[in-house]
Amino acid sequence: MKRILLCMVAVSLVLFSCSAKNAAKKEEKTVLKIGAIRDFKQSKEGATLIFDALLKITPDYTPLPNIITDWTRNDTATEYNLTMRTDILFSDGTPLTAQIVKYDLENAAPMMWCGFSYLLEEVSITDSSHLKIKLTAPYYFLPHDLAVVPAIKENGIDEAMNITDFTGTGPYILTDYREGQSASLTKNKTYWNAPGPDSFSVPQVEWLVITDSSARDLALSSGQIDVLGISEHYLSIEYPSINDLVKVKKMNFVEEPKEVFTSLMSIGFNWKEGFCSDRSLRRAMEYAVDRQELTDKIFFGIPEALGHQFNPAFMDGPQNEKPYYYDPELAKRILAEAGYKDTDNDGILEKNGKNVLLRFLISSKEDYQRDLAVFVKSELRKLGIDCEIIPAAGETMKERFKTGSYDLAIQHPWYEPIIGAVTYFGFDDSYTDYGLSYAVNKKSVEAAQALIVSQNEEQIKKNAGALWHEQYEECVTLPVCTSSRLAVFNSRFEGFRFNGNIYMIDLSEVKTRSIKQ
């Protein structure tokens, strides 16, 4: 009997040993291959696999503790006291100190275009776990900014704001890099911030640079890569590709929640010069385009049609404004009341003796922009407005933007927080490399300036409301649809999700899919 028991124990040990070896082998062989547009070391998104951010942030834009565990602001939002963890190590064993966090507040934050960087007066170290930030003016959204500031070693950023030291505290370690081609990362087995024992179960990540969109789609559908769409902070997969990969080839996908979209697709008017300097014409066009039909036909019903210039769900959004809607008869009445007439019966309206012909500037590199422009041209033609579609790219497009040589264009939209967007294109009426700024009148500028120095939520809502009132009244942009990010991935994986930090590649819950017996 004793011999039988010993045999059974021996067999059990052998089986357990084999099982453990098989599990170890499976983990060793599991490699997640990410198809990316940019070189790894030039990618702010890729960097989040190696570097932790000072704070986290939820999809609805609420800051959460991370390296910084607590923060307080004074009544005027000009001083902040930060408390940090002191038990975090870089992957090479170097402690993350208050001095390093100070360096990152001064150097990594500007690299991430943080709004508070332009107001930074001083960062001082109180003790090993506390820092103090002084600003030259109020800035309420500093905690939100800290959610994109990476913890990088001191002197790890050069004068051109490029990361030079890729040793981080994050979930993965860079083990191999080929410029413009690929990068290899392995799991940081001593990572301090794993949500649970099964988090970050993917032991190896390959970053494969594929600049051509068609080649990326083919690589995913053929199994050469496992996921598209997580390596860019914007929607980087073209809508026809999404339709083909998801609806036709039945691949898995995950989408950023539409209700918390932080950006959108919109058409910018050259409100300063030419035909579109007439507010009545801009207003008529807001009601002339059937946004729902556009999104269904051009974008396969993937995004949501949108009549708002930004998301009203946010504290600094257009909470008091009504969305534009499709009403071609209203559009015609607006034009007629403004003096637009077709005196020669050629089907094209005239104003001041000139046929209304709008120059619609689009990117020759983006097929969806041509499709969108063709649809909009058709809608406007019903009103008697003609369009000339002008494809351009690179320096040619920048030159047209800078000289105002256009009437309509798909421009950089508003984004969250609006205070950041305001500093980018809300203070003046100048033309930039990316189009005309949105400071349409004096009231809009005053509201933007007041928003920047808002000290609390009540002031933010008030000043943002004043800004949006001018933007809607003056019809500065023609909103089209939400621009939520979407990722498509190989069915052998699951657990992908988007983070409130738009740069964050969150692999904490990604794992190989369980096969049901």
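Letter by letter, the sequence shown follows residues -23 to -1, 1 to 494 in mature numbering (1 follows the signal peptide of the UniProt record, and there is no 0).
All residues carry an ideal CB built from backbone N, CA and C; glycine is no exception.
So for residue i, helix, strand or coil by DSSP?
i, result
"R50", "strand"
"F143", "coil"
"S94", "helix"
"Y301", "coil"
"K33", "strand"
"V237", "helix"
"C(-17)", "With a pLDDT of only 44 at C(-17), under 50, the local geometry of the prediction cannot be trusted, and the value read off the model is given with reservation. DSSP places C(-17) in helix when its eight states are reduced to three."
"G412", "strand"
"S340", "strand"
"I134", "strand"
"F466", "strand"
"E56", "strand"
"Y116", "coil"
"Y124", "The residue you asked about is not Tyr; residue 124 is Ala in the sequence shown. Correct three-state label for A124: coil."
"A313", "helix"
"A370", "coil"
"K379", "helix"
"S407", "coil"
"N165", "coil"
What residue does the beta strand (DSSP E) around residue i start on, and which one ends it?
i, result
"I11", "V8 to A13"
"G245", "L241 to F246"
"V179", "Premise fails: V179 is in no beta strand (DSSP E) and is neither H nor E."
"R155", "Y149 to R155"
"E232", "N229 to E232"
"I429", "Careful: I429 lies outside any beta strand (DSSP E), inside the alpha helix (DSSP H) at K419 to I429."
"A386", "L385 to I387"
Does the Cβ of residue i have 16 or more other Cβ atoms within 10 Å, making it buried, or fewer, making it exposed?
i, result
"S491", "exposed"
"L195", "exposed"
"E98", "exposed"
"V8", "exposed"
"Q448", "buried"
"P40", "buried"
"N132", "exposed"
"N139", "exposed"
"Y211", "exposed"
"P115", "buried"
"P390", "buried"
"N(-2)", "With a pLDDT of 47 at N(-2), under the threshold of 50, the modelled position of this residue cannot be trusted; read the value that follows with caution. Exposed, because fewer than 16 other Cβ atoms sit within 10 Å of the Cβ of N(-2)."
"G403", "buried"
"residue 502", "The chain is shown only over -23 to 494; residue 502 falls outside these bounds and no answer can be derived."
"V75", "Before going further, note that residue 75 is Ala rather than Val in the sequence given. That one is buried."
"N302", "Asn is not the amino acid found at residue 302; the sequence shown has Tyr there. When all chains shown are included, Y302 counts as exposed."
"D122", "buried"
Check the DSSP bridge columns for residue i and list the partner residues they point to.
i, result
"E327", "K318 and N332"
"K488", "E471"
"L258", "BP columns for L258 are empty, so no partner."
"I45", "M61"
"W184", "I11 and A160"
"I102", "L108"
"C364", "L335"
"P72", "L66"
"D483", "R474"
"P456", "S243"
"V266", "None; V266 has no bridge partner."
"P172", "Paired residues: none, contrary to the question."
"I214", "DSSP lists no partner for I214."
"V204", "I11 and F466"
"P289", "Answer is none; P289 lacks a bridge partner."
"A282", "C458"
"P40", "I34"
Going by Cα to Cα distance, which pick from the options is closest to residue i?
i, options, result
"E233", "T489, K488, L258 and N478", "N478"
"D91", "L119, T454, L455 and G70", "One detail in the question is off: residue 91 reads as Cys in this sequence, not Asp. When only C-alpha atoms are compared, the closest one is L119."
"residue 508", "G403, A398, G361 and G412", "Residue 508 is absent from the structure shown; the chain starts at -23 and stops at 494."
"Y345", "K420, S190 and A290", "S190"
"N433", "D153, E393, A54 and S208", "A54"
"G284", "L455, T409, V182 and K375", "L455"
"D267", "F238, N229, S218 and A350", "A350"
"D321", "G330, R462 and D255", "G330"
"G472", "I387, N229 and Y302", "N229"
"G23", "M481, I362, K488 and I437", "M481"
"residue 496", "A308, G145 and I14", "In the structure as shown, the chain begins at -23 and stops at 494. Residue 496 is therefore absent and cannot be evaluated."
"K21", "I134, R310, P36 and D273", "I134"
"E314", "A425, N440, L338 and A261", "A261"
"I45", "K166, F352 and N170", "N170"
"S94", "N467, L73 and Y117", "Y117"
Need the endpoints of the alpha helix (DSSP H) that residue i sits in, please.
i, result
"K439", "E434 to E451"
"F402", "I395 to F402"
"A86", "A75 to M88"
"L195", "S190 to S198"
"A24", "K21 to A24"
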